[in-house]
Amino acid sequence: MERDYQCDFSVKNAAFDGLTTLHFEDISLVPKQKDTLVRIQKLQTKVNFWKLLVGDVQLGKLEINNGFVQLVKNKKGSNFDAFIKSKKDTTSDKGVNYGKFVNRILSQFLNLIPTDLQVKSFDLKINDNGNKVVLDCSEMILKDKKLSSSIIVKSDLKEQIWNVSGFADPRDRKTDLVFSTSKNDTIKIPFLDKKFNLKTGFKSIHFVLDEMDMAHGNLHLKGFTSIQNLYVNHPKISKKEVFVNNAQLDYHFIFGERFIAVDSTSKVQINKLILKPFLSYSNDEDKIYSLQLEIPKIKAQDFIESLPKGLFTHIEGMQAQGNFNYKLNFEYNNHHPDDLVFESKLTPEKLKITQYGEADLSKINTEFVYRAIEKGIPQRPIIVGNSNPFFTPLTEISPYLQKCVLTSEDPSFMQHRGFINDAFKQSIAKNIRTKKFARGASTISMQLVKNVFLTREKTLSRKLEEILLVYILENQRIASKERMLEVYFNVIEFGPNVYGIGEASAFYFQKKPIDLTLNECLFLATIIPRPKGFMYKFDGNQQLKSFVKQENKFLTNVMLRRKVLEPNDTIGQHFALKINGPAEFFLKNKAAAKTEIDSSSIDEFDF
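Residue numbers for the sequence shown follow my numbering, beginning at 15 and rising by one.
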């Protein structure tokens, strides 16, 4: 221990009782110049003699009185580093039989779980840079395959008593356990809040392992686990607390030679929603990741009511008729990323939305008030309709602008039903290759829903709601493509506190949208991704920088190649772009303009 792990290991007293029973007193494990890792006052155990003869250690009885395991991490490191640092392994994992490997690890672990267990006053202490949690196992008894335990959890949260009870047979590899509290209230998981900014808890967990069996070189694990009243609160998931009343996983894991899988006989149920997954990872010549997901035929209303509360807040209250089923097929090969398979199909059956929730999609066909959200702050109200003098019907917007924006943002907008499958595939492939969200697959429909009905918050909740609302908007044909495009042009941001093409035309060019030239339309189309920084596209002489001219030339050539433009349309394109509206202030005073944008994004400019 001293040589391999730089630890002082000591036992004050040790004795045999016969050949198989051992008694220990005052066991301690202390890493050099660090906090004590393990201390046990008394330990008695009995091993299986016949297993010991063949080299296996299998505990038959274990008694532990008074002790603790203490995990401490601070700026200088941790007191358990030496035990988790892996030795460098230059060998490949190709050819490994995951079934035999996992079976060996689990078998060794289960052999160390005694059939007769009695623990009293044993603590697990965690101190992660001042984030402290103590799990005080006041008593744990396993006898005649029945487990009962009482654990006092102490943290900055309120003190709780957790109970784990049920059936446990480590030799037959079966268990049926329930994890709950003594007062039948919500179990709050400490430590995660400060460590990951994650607040979570549940009322109870039921875990069952029915089968752990090696067959034909493959390890099969079967059983189920269920959780009641689960809540999760994390800013990356949702701005609100996400709550699941009842969820269950019927699992069938398979570990085999060069593959790991969740078998298709597995099932996930969230309230009335059933999902049938198949996941696999294979590591032969290539690494292949596969996912197949099916939602069998379900009533639309049951689906809506089964969604986790807080995750789809804009959907809550929606009423629907009819049924649908859904299938997803995904496959990724690390050596052939561009051959990624992504097939998503929802099959409706007399599907109809009869009442909207918080996101009333029907308002898109009426005059309504739009308010952009900047850093959580609602901006000035914009009337989308004839009451607003800057509102511009689609027929009064330059055809050049429509062509430029559609070409750069969503060329197939008029044909697709909200999503572009190839764009999703390319986006997923690039994100996997770069190991980050380097590319999106947003259509104009998705941008419209995000801007008008949702917020710009970067959460899982917002993205899931966006996908669902886009599907409803497009496939229920709530609004025509022309109306959707008209609203899009009248709400999107074109600059600092500049919303809609009517304001943008006046802000940059002191024109009406119908009078915009091709050059002006190219400029407006290319600033949509970062409208507040438009001034950085110009040099000190208020001329477009060379890279911007190249972007405009590229976009023009794309439109010519697709015959969106005719050669005659480009006559006069050699003339310099002239900014002569209020935007000119930003070009002349970039530093002052940036300060004004940063300090107050709600001041109105004089158009």
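Quick reminder that beta carbons are idealized off the backbone N, C-alpha and C, glycines included.
For residue j and residue i, the rounded distance between their alpha carbons
{"i": "I506", "j": "D207", "result": "37 Å"}
{"i": "D316", "j": "E330", "result": "12 Å"}
{"i": "N145", "j": "I201", "result": "19 Å"}
{"i": "F205", "j": "Q174", "result": "14 Å"}
{"i": "P425", "j": "S294", "result": "35 Å"}
{"i": "Q461", "j": "Y19", "result": "56 Å"}
{"i": "K254", "j": "L244", "result": "14 Å"}
{"i": "N297", "j": "F273", "result": "6 Å"}
{"i": "N1", "j": "L601", "result": "The question about residue 1 has no answer, for the chain in this structure spans 15 to 621."}
{"i": "T327", "j": "F467", "result": "11 Å"}
{"i": "K286", "j": "S320", "result": "6 Å"}
{"i": "S614", "j": "L487", "result": "In this prediction, S614 has a pLDDT of 44, which is less than 50 and means its spatial position is unreliable; nothing more can be read from the coordinates."}
{"i": "Y340", "j": "R476", "result": "21 Å"}
{"i": "I396", "j": "H588", "result": "36 Å"}
{"i": "S376", "j": "Y414", "result": "29 Å"}
{"i": "L161", "j": "I155", "result": "6 Å"}
{"i": "F405", "j": "I541", "result": "20 Å"}
{"i": "N79", "j": "S164", "result": "15 Å"}
{"i": "T584", "j": "L574", "result": "9 Å"}
{"i": "E388", "j": "G514", "result": "16 Å"}
{"i": "K323", "j": "Q132", "result": "42 Å"}
{"i": "T35", "j": "K311", "result": "59 Å"}
{"i": "K495", "j": "K567", "result": "28 Å"}
{"i": "V256", "j": "F136", "result": "34 Å"}
{"i": "S179", "j": "N27", "result": "33 Å"}
Coarse secondary structure for residue i, derived from DSSP in three states
{"i": "L574", "result": "helix"}
{"i": "A29", "result": "strand"}
{"i": "E500", "result": "helix"}
{"i": "R453", "result": "No answer about R453 holds up, because its pLDDT of 44 lies below 50 and its placement is not dependable."}
{"i": "I585", "result": "coil"}
{"i": "D22", "result": "strand"}
{"i": "M549", "result": "helix"}
{"i": "Y370", "result": "coil"}
{"i": "F433", "result": "coil"}
{"i": "Q440", "result": "helix"}
{"i": "L126", "result": "coil"}
{"i": "Q393", "result": "coil"}
{"i": "L375", "result": "helix"}
Cβ shell of residue i (< 7 Å), same chain only, five flanking positions each side left out
{"i": "L558", "result": "K551, F552, L591"}
{"i": "G336", "result": "A314, P362, E363, K364, L365, K366"}
{"i": "I318", "result": "I329, M332, A334"}
{"i": "H349", "result": "D300"}
{"i": "T105", "result": "Caution applies to T105, whose pLDDT of 44 falls short of 50 and renders its modelled position unreliable; the model cannot decide the point."}
Residue i - containing alpha helix (DSSP H), residue span
{"i": "F94", "result": "Note, F94: premise wrong, no alpha helix (DSSP H); not H, not E."}
{"i": "F537", "result": "532-540"}
{"i": "V421", "result": "Sequence check: residue 421 is Thr here, not Val. Note, T421: alpha helix (DSSP H), 413-423."}
{"i": "R476", "result": "474-489"}
{"i": "S135", "result": "First-last for S135: 130-142, but that is the beta strand (DSSP E), not the alpha helix (DSSP H)."}
Cβ neighbours of residue i in the same chain (closer than 6 Å, five flanking residues each side left out)
{"i": "F619", "result": "Bear in mind that a pLDDT of 37 at F619, under 50, signals an unreliable position, so the model cannot answer this."}
{"i": "V25", "result": "F38, I41"}
{"i": "D224", "result": "K236, G237"}
{"i": "F382", "result": "V398"}
{"i": "Q58", "result": "H37, E77"}
{"i": "E357", "result": "N343"}
Where the beta strand (DSSP E) through residue i begins and ends
{"i": "K464", "result": "Here K464 belongs to no beta strand (DSSP E); instead the alpha helix (DSSP H) covers 458-466."}
{"i": "T35", "result": "35-45"}
{"i": "N111", "result": "Taken as a continuous stretch (DSSP letters only), N111 belongs to no beta strand (DSSP E), as it is neither H nor E."}
{"i": "D207", "result": "Looking at the DSSP string, D207 is not in any beta strand (DSSP E); the run it does join, the alpha helix (DSSP H), is 206-210."}
{"i": "G516", "result": "That residue, G516, is in no beta strand (DSSP E); its alpha helix (DSSP H) goes 515-523."}
{"i": "E507", "result": "507-509"}
{"i": "K160", "result": "160-168"}
{"i": "A314", "result": "Note, A314: premise wrong, no beta strand (DSSP E); alpha helix (DSSP H) at 314-320."}
{"i": "F273", "result": "273-276"}
Nearest-angstrom beta carbon gap, residue j and residue i [assumed within contact, 8 Å]
{"i": "P128", "j": "A96", "result": "That pair is no contact at about 27 Å."}
{"i": "M498", "j": "S456", "result": "With a Cβ gap of about 14 Å, M498 and S456 do not count as contacting."}
{"i": "F216", "j": "I251", "result": "Not quite, the Cβ-Cβ distance comes to about 16 Å (not below 8 Å), so this is no contact."}
{"i": "K157", "j": "A182", "result": "K157 to A182, Cβ: 10 Å. No contact."}
{"i": "F23", "j": "L43", "result": "5 Å"}
{"i": "N111", "j": "E271", "result": "4 Å"}
{"i": "I411", "j": "P545", "result": "Their Cβ separation, rounded to whole angstroms, is 17 Å, which puts I411 and P545 out of contact at 8 Å."}
{"i": "L233", "j": "V355", "result": "With 8 Å as the limit, L233 and V355 do not qualify as a contact, their Cβ atoms being about 28 Å apart."}
{"i": "V484", "j": "G432", "result": "4 Å"}
{"i": "F267", "j": "S278", "result": "Actually they do not touch by this definition, with Cβ atoms about 12 Å apart."}
{"i": "R53", "j": "F94", "result": "Going by Cβ atoms, the distance from R53 to F94 rounds to 14 Å, so no, they are not a contact pair."}
Cβ neighbours of residue i in the same chain (closer than 8 Å, five flanking residues each side left out)
{"i": "L212", "result": "L206, V246, N247, H248"}
{"i": "N379", "result": "I492, A493, R497"}
Cβ-heavy atom distance, residue i to the ligand GTP, below 8 Å
{"i": "K525", "result": "No copy of the ligand GTP appears in this structure; indeed no ligand is present at all."}
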